[in-house]
Amino acid sequence: MNLPEKLRETFNAPFEPLVRRIAAEATVIDERILRIDHFLNHRIEPALMRAIGAVLAQRLAPLRPDLVVTAEAGGIAPALVTALALDVPVVYAKKYAPEVEAPALSRLAPSPTRGGHTRLVISARYLPPAARVALVDDFLANGRTALALAELVAEAGASLVAAGFVVEKCFQGGRGPLEALGVPVAALAHVERLEAGRVVLRGI
């Protein structure tokens with residue numbers, strides 16, 4: 104999907120309050136794992152999360168989503184605040200107790216941090232065929248969880264109109280496969296690389 108030029112300019116602009124927090128406070132492990140658990144997805148700061156949702160919603164709104172989809176558990180908080188700002192429902196794929204009302208849609212997704220594979224499951228009842236879906240998650244790394252969710256949306260007969268992420272780890276290449284499907288990708292912070300125990304961010 105080709106975005107209008109004006110929208111393309113702002114779709115991936117850094118969200119400065121988030122970028123500053125990552126630069127100042129992130130922990131880097133083995134130049135592979137970025138930890139910002141203390142304000143994003145273990146201990147959650149409501150004011151920051153609300154602001155994240157407002158900005159993601161502003162960027163996704165021109166694509167007219169009527170449903171937000173995410174994956175348990177890290178994606179739930181940003182997806183919920185984004186859905187609140189858009190005034191649409193949010194549906195999350197279950198990982199940890201993947202039993203849902205039949206008919207169930209499921210995919211296996213590799214875990215970039217834990218290793219192995221995780222099954223993502225959504226009841227088809229909650230993904231209407233006519234839905235315009237926005238995918239929202241906390242991190243975009245290799246993109247495999249996002250692609251699994253995209254496949255679930257497609258299997259349901261719904262349309263994935265956009266994807267939004269709080270943090271994109273650009274060096275892991277997850278954006279490419281989504282854009283190859285024609286899905287516009289928005290991210291609020293772009294991590295170019297992790298080196299020598301520090302985060303190198305785009306725009307700072």
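Take the sequence shown: its letters are residues 104 to 307, numbered as in the numbering used here.
A virtual CB, placed ideally from N, CA and C, is assigned to each residue, including glycine.
For clarity, every value in this text was computed on a predicted model and none was experimentally measured.
Each of Glu134, Leu189 and Asp140 was checked against the Cα of Gly156, and the nearest Cα belongs to Leu189. Under the three-state reduction of DSSP, Ala116 is assigned to coil, being neither helix nor strand. Residue environment for His293: buried (at least 16 other C-beta atoms within 10 angstroms of its C-beta). With 16 or more other Cβ atoms inside 10 Å of its own Cβ, Glu271 counts as buried. Per the coordinates, the alpha-carbon of Gln161 lies some 30 angstroms from the alpha-carbon of Arg301.
Under the DSSP assignment, Pro287 falls outside any alpha helix (DSSP H); it carries neither an H nor an E label. In this structure, the CA atom of Ala234 is about 5 angstroms from the CA atom of Ala261. For the pair Tyr229 and Val194, the CB atoms are nearer than the 8 angstroms cut-off. For Pro181, the enclosing alpha helix (DSSP H) begins and ends at Ile179 to Leu189. With fewer than 16 other Cβ atoms inside 10 Å of its own Cβ, Pro149 counts as exposed. With a contact defined as Cβ atoms closer than 8 angstroms, Leu252 and Ala196 qualify at about 6 angstroms. In this chain, the alpha helix (DSSP H) harbouring Leu151 covers Pro149 to Leu163. Around Asn144, the same chain offers Gly177 and Asp241 as residues with beta carbons nearer than 6 angstroms, after the five sequence neighbours per side are excluded. Arg210 is classed as buried because its beta carbon has at least 16 other beta carbons within 10 Å across all chains shown.
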